[in-house]
Amino acid sequence: MNSKSDDPMHIAPELLESLEKKGVSRRDFIKWCTGMAALLALPSSFIPRIAEAVASQKPYLVWLEYQDCAGDTEALLRATKPTVSQIILDIFSVEYHETIMAPSGFAAEKSLEDVVKNQKGKYFAVVEGSIPLKDNGVYCCIGGKSAIDIVREVCGNAAATLAVGTCATHGGIPAAAPNPTGAVGVQEAVPGATVVNLPGCPLNVENLTATIVHYLTLGRLPQTDRLGRPLFAYGKRIHDNCERRGHFDAGQYVQKWGDEGHRQGWCLYEMGCKGPETFHNCPTVKYNEGTSWPVQAGHGCIGCSEPHFWDSMSPFYGRLPNVPGFGVEKTADKIGAGLAAATAAGLAIHAVGRAVSSGKKDKE
Amino acid sequence: MKDKKEIVYVWEFPVRFTHWINVLCLLALSVTGLYIGNPYTLAQSSSQYIMGWMRFIHFVAAYAFLMSIIIRIYWFIFGNKYAGLSEWAPFSGKRIGEIADDLRCYLFCCKRTKAHIGHSALGGLSYLLLLAVFFFMVFSGFALYSVNHTGAVWTVLGGWMTNVMYLQTIRLWHHLLMYAIFAFTLIHIYLVLFTESIEETGIFNSIITGDKFIPEKDLE
Ligand code: HEM
Ligand code: SF4
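Line order of the protein sequences matches chains A and B.
Residue 53 is where the first sequence starts when you use the working numbering, and the numbers rise one by one after that.
Residue 109 is where the second sequence starts when you use the working numbering, and the numbers rise one by one after that.
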């Protein structure tokens, strides 16, 4: 009776067993599959398909790191208690990850080569960090090869490349002006590769897992926006999903850190929040197992998932960028008010000059 | 002795209409824009909707402003000779020479030799520049608007700009050029009064009635 086709939630016993060993119960796993379906905006009928897809496939995954701070790796590894997403990623065959793998030296490089050779067109490459192009890419080399050479080979032969973190998607902090190493994101470095961009500083691991789950379940990568970011994760503006939005519309703003409004949880717009120009699912998915996200914690969004955020979204605690050519102290308003005052002064001088000259004429 | 003057119908209805619509729109856009740019807490409770209304008024005025600009451009073509683009753009050497004369006149407070029926050359040029600023305000405004209104209409009206400039840069210039419009307005009103005092053609009233009083010798 209880055959596979009757039970919509049939999950391979071997998978359950291995999950159980890591402390994930059947219930946890189904909850996780449900969460993934919700995150991907798939109907609930997809939940068993997700479970099945994840259980039946074991894709190879290589994780490459270049000019970065390992923040995305940290995001993957550093939860107090590993999330189900992390464990699922673990189930994938992570063949190469400089920070966590056991082999080192030539053995490590060999395992990467093996994947590229033996799993050609089938493995996933995850890239963290930007790729320097200046001076033939000498600014970042691993095992005697430059980042750009490795990326061309590894990403060029992958089923798909997932660029994680804003450095890997658009150059990020290494690419900030004056970009001394000529850093770029993966898509720009390897134009021919299939790249999905998962920016963020760091990225949200839930979005990485969901992208892979989407691929395993539906056999294709999720739909992306014009910046190559999956719409399920980057399709909505932070400002439109923010829990402080009511205070924005009402007209209640934090004016100073720690003021009454700040204690009341009012809108952080005046404090430089870049939620109005940033697309990410932080307010709904949050971080650390849905515990919190920056605005909930009382800090404005800095727009870290937008390209070139370091240059374009700064100053992080000011609403508008500094006016080019003026000192940092000068805000747009001071300059504007100065312009208007100078105009008024000019006109006043003109009026006086005119009064004087017409006075002279009257005497003549 | 005063010259004998003739009434000339200079500013047709669409010119005067769009002028005053622009004034109203710019007033509404600036007041609400200043609040959007530097909001302070006015609300007593979260159930109010002050920023909501400010933005709503800003956007309604923005659409009205755009329509006004479109009507005025249409009137470049179908209006009388004082409404045409050639009154604004200094296409001829003669017009450029006149600009120099106008500048001298304003800077040294001298009397003009000849009253203008339409725009003075410098005045016309300043309206051309102002139109460029208006275009920038519309495109940049709709670029900001297109962030969460992603239809083709808004892409054409301004969304395309986000491919050229960072959104924050667009926001900065949308903010800064408001002050340029303030400066223009001050100079504009001052020079209207100044010109009236030396030409005495009734230009102050002309933007209401359309009529100017032109000395017979200046009628060409
Ligand atoms: C020439 C007249 C206009 C003036 C003086 C003006 C002024 C302003 C100012 C000062 C701001 C605040 C900028 C900031 O600091 O963030 C603003 C915001 C804005 N304006 Fe305008 N504006 C004008 C026309 C327009 C037009 C034609 C549109 C078209 C829709 C528009 C749409 C917007 C939008 C969408 C915002 C941002 C609102 C937000 O982020 O919530 N503006 N405007
Ligand atoms: S805190 Fe930021 S994202 Fe939230 S409503 Fe205010 S401006 Fe928007």
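Cβ atoms here follow ideal geometry from the backbone N, Cα and C, with glycine treated the same way.
On a predicted model such as this, the values are computed, not experimentally measured, just so you know.
Worksheet item: Is any heavy atom in the ligand SF4 found nearer than 7 angstroms to the beta carbon of H351/A?
Response: Checking the Cβ of H351/A against the ligand SF4 gives no.
Worksheet item: Which of the residues in the segment 160–188 of chain B, read from start to end, lie with their CB under 7 angstroms from any CB of chain A?
Response: For the segment 160–188 of chain B, which is checked against every Cβ of chain A, the residues closer than 7 angstroms are G160.
Practice prompt. Establish whether the CB of M269/B and some CB of chain A are separated by less than 8 angstroms.
Written response: Answer no: the Cβ-Cβ gap between M269/B and chain A never drops below 8 angstroms.
Worksheet item: Going by the beta-carbon positions, is the gap between A245/A and D363/A smaller than 8 angstroms?
Response: At a Cβ-Cβ threshold of 8 angstroms, A245/A and D363/A do not count as neighbours.
Fill in: Interface partners of G299/A on chain B, CB under 7 angstroms
The question names Gly, but residue 299/A is His in the sequence shown. Counting only Cβ-Cβ distances below 7 angstroms, H299/A has contacts in chain B at S154, in chain order.
Worksheet entry | Close-in-space but distant-in-sequence residues of the same chain around H282/B (CB under 7 angstroms, 5 per side omitted) | Excluding positions up to five away in sequence, the list reads M245, S248, G249 and L252.
Discussion item. Only counting the same chain, and skipping five residues up and downstream in sequence, which positions put a Cβ closer than 7 angstroms to that of N54/A?
Written reply: Its pLDDT being 43, under 50, N54/A is placed unreliably in this model, and the coordinates cannot settle the point.
Item to complete: Going by CA-CA distance only, name the one from N249/A, T330/A and G75/A that's closest to K288/A.
Response: Checked all of N249/A, T330/A and G75/A; the closest Cα to K288/A is T330/A.
Worksheet item: Mapping DSSP to helix, strand and coil, what is L128/A?
Response: Annotated three-state conformation of L128/A is helix, per DSSP.
Fill in: Whole-angstrom distance between I82/A and I99/A, CA atom to CA atom
In this structure, the alpha-carbon of I99/A lies about 8 angstroms from that of I82/A.
Discussion item. Which same chain residues end up closer than 8 angstroms to L283/A when comparing Cβ atoms and leaving out the 5 residues on each side of it in sequence?
Written reply: The residues are P274, Q275, T276 and D277.
Worksheet entry | Bounding residues of the alpha helix (DSSP H) (the contiguous stretch that carries K162/A) | G157 to N170 is the span of the alpha helix (DSSP H), which, as asked, contains K162/A.
Worksheet item: What separation, rounded to the nearest whole angstrom, lies between the Cα atoms of C213/B and V300/B?
Response: Computed Cα separation, rounded: 14 angstroms.
Fill in: Cβ-based neighbour list, G327/A, same chain, cut-off 6 angstroms, excluding 5 preceding and 5 following
The beta carbon of G327/A lies closer than 6 angstroms to those of I290, H291, C294 and C353 in the same chain, with the five residues before and after it left out.
Worksheet item: Just checking, does the segment 120–140 of chain B make contact with the segment 165–179 of chain B on the three C-beta pairs under 8 angstroms criterion?
Response: Contact between the segment 120–140 of chain B and the segment 165–179 of chain B is present, because at least three Cβ pairs lie under 8 angstroms.
Worksheet item: Would L372/A pass as a contact of R279/B if the rule is Cβ separation under 8 angstroms?
Response: Going by beta carbons, L372/A and R279/B fall inside the 8 angstroms limit.
Discussion item. Quick check for students: name the residue ranges of the beta strand (DSSP E) that lie wholly in the segment 247–306 of chain A, counting only runs of 3 or more.
Written reply: For the segment 247–306 of chain A, whole beta strand (DSSP E) runs of length 3 or above, ordered along the chain, are 247–250.
Worksheet entry | Backbone secondary structure at F243/B - three-state DSSP | F243/B carries a helical assignment under DSSP once its states are collapsed to helix, strand and coil.
Fill in: Secondary structure of L68/A, DSSP reduced to three states
Taken through DSSP and simplified to helix, strand or coil, L68/A comes out as helix.
Practice prompt. Pick out whichever of A288/B, G266/B, A260/B and K222/B has its Cα sitting closest to the Cα of E307/B.
Written response: Measuring from the Cα of E307/B, the nearest candidate turns out to be K222/B.
Item to complete: Run the proximity test for R297/A: is its beta-carbon closer than 7 angstroms to any non-hydrogen atom belonging to the ligand SF4?
Response: It does: the Cβ of R297/A is within 7 angstroms (strictly closer) of some heavy atom of the ligand SF4.
Worksheet item: Quick one, which of A199/A, A211/A, Y175/A and L270/A has its alpha-carbon nearest L185/A's?
Response: Measuring from the Cα of L185/A, the nearest candidate turns out to be A199/A.
Fill in: DSSP state of V347/A mapped onto helix, strand, coil
Coil at V347/A, not helix or strand.
Worksheet entry | Cut-off 7 angstroms between Cβ atoms - residues of its own chain near F300/A, not counting five sequence neighbours on either side | Closer than 7 angstroms at Cβ, skipping near neighbours: C319 and Y321.
Item to complete: Using alpha carbons as the reference points, say which of A211/A, D80/A and A215/A lies closest to I140/A.
Response: Ranking A211/A, D80/A and A215/A by Cα distance to I140/A puts D80/A first.
Worksheet item: By a C-beta neighbour count over all protein chains shown, 10 Å radius and 16 as the cutoff for buried, is V404/A buried or exposed?
Response: The Cβ neighbour count for V404/A, taken over all protein chains shown within 10 Å, is under 16; the residue is labelled exposed.
Worksheet item: Closer than 7 angstroms: is that where the CB of L320/A sits relative to any heavy atom of the ligand SF4?
Response: For L320/A, the distance from the CB to the nearest heavy atom of the ligand SF4 is below 7 angstroms.
Fill in: Rounded distance between the beta-carbons of Q119/A and C219/A, thought under 8 angstroms
Their Cβ separation, rounded to whole angstroms, is 6 angstroms, which keeps C219/A and Q119/A in contact under 8 angstroms.
Worksheet item: Quick one, which of L327/B, M159/B, D326/B and W268/B has its alpha-carbon nearest S254/B's?
Response: Per the C-alpha coordinates, the member of L327/B, M159/B, D326/B and W268/B positioned closest to S254/B is W268/B.
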